[in-house]
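Q: Take the sequence shown: its letters are residues 70 to 221, numbered as in our numbering. Positions of the beta carbon are idealized from the N, C-alpha and C atoms, including for glycine. Keep in mind the model is a prediction, meaning the values are calculated, not measured. Below is the structure I would like to discuss, written out as structure tokens.
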Amino acid sequence: MHVARTLLAVGTMVEGGMSTPTFEGRVPATRTSCPECAGVLGVRVDGDHGHLMFVCRVGHTFSIRDLLVGKEEQIETRLWNAVVALEELVEILEDFQQRARRQGLPDAARALQERARRTEVQVARLRSVIAESRAVEVHDEVSRIRATAERG
Ligand SMILES: [Zn+2]
């Protein structure tokens with residue numbers, strides 16, 4: 070996964086002592102946001118085993134496993150939020166379309182109806198994306214990924 074590779078690369082730089090943008094003047098910043106509050110995540114290497122820990126501005130702290138789970142949950146929530154917004158849009162479009170017809174505005178009614186149908190297609194696609202989405206199995210081995218992993 071691209072994001073994970075980026076984060077691991079940052080972890081490698083932490084250990085290698087390379088210059089990277091810092092977060093709160095303490096730990097290097099990543100290019101990903103906190104799953105809890107959307108603040109910038111910094112990354113540090115913990116302990117003798119070199120495990121990566123991610124911390125945001127307000128102190129939400131994540132292991133690799135926690136970050137993966139948090140991001141998966143965040144994505145599912147956002148996809149469902151999009152489904153809700155699109156379904157609400159369909160209702161609004163259909164209501165306005167009926168009003169337009171009653172008021173003798175066929176062109177407006179047609180345009181609204183057409184957008185409602187396209188939106189229904191988007192809802193169906195998004196629901197199937199959600200249904201087909203499978204998170205990676207997060208087990209102990211995933212949790213043990215270390216900052217040196219990218220060196221191979
Ligand atoms: Zn946070």
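(1) Measuring from the CB of H118, is there a heavy atom of ligand 1 at a distance below 8 Å?
(2) What separation, rounded to the nearest whole angstrom, lies between the Cα atoms of A204 and E141?
(3) Do G108 and ligand 1 come close, with the Cβ less than 8 Å from some heavy atom?
(4) Quick check: W149 and I199, are their CB atoms within less than 9 Å of each other?
(5) Output the distance between the C-alpha atoms of Q191 and L155, rounded to the nearest integer angstrom.
(6) Hey, quick one: how far does the alpha helix (DSSP H) through L174 stretch, first residue to last?
(7) Taking 8 Å as the cut-off, is the C-beta of R126 nearer than that to any heavy atom in ligand 1?
(8) Among E206, T146, R126, which one has its Cα closest to the Cα of S102?
(9) Please list, in chain order, all residues of the same chain as A38 whose beta carbon is under 8 Å from its beta carbon, the five residues on each side excluded.
(10) Tell me which same chain residues have a C-beta within less than 8 Å of the C-beta of V96, skipping the five on either side of it?
(11) Which runs of the beta strand (DSSP E) spanning at least 3 residues fall entirely within the region 116-153, listed in chain order?
(12) Check whether the region 127-139 and the region 158-171 touch, using three or more Cβ-Cβ pairs below 8 Å as the test.
(13) Pull up the DSSP beta-bridge partners for A98, would you.
(14) Between G116 and I144, what straight-line distance do the alpha-carbon atoms span, to the nearest angstrom?
A: Walking through what the data contain:
(1) no
(2) 7 Å
(3) yes
(4) yes
(5) 8 Å
(6) Taken as a continuous stretch (DSSP letters only), L174 belongs to no alpha helix (DSSP H), as it is neither H nor E.
(7) yes
(8) R126
(9) The chain is shown only over 70 to 221; residue 38 falls outside these bounds and no answer can be derived.
(10) V83, G111, V112, R113, V124
(11) 120-125, 130-132
(12) no
(13) G111
(14) 30 Å
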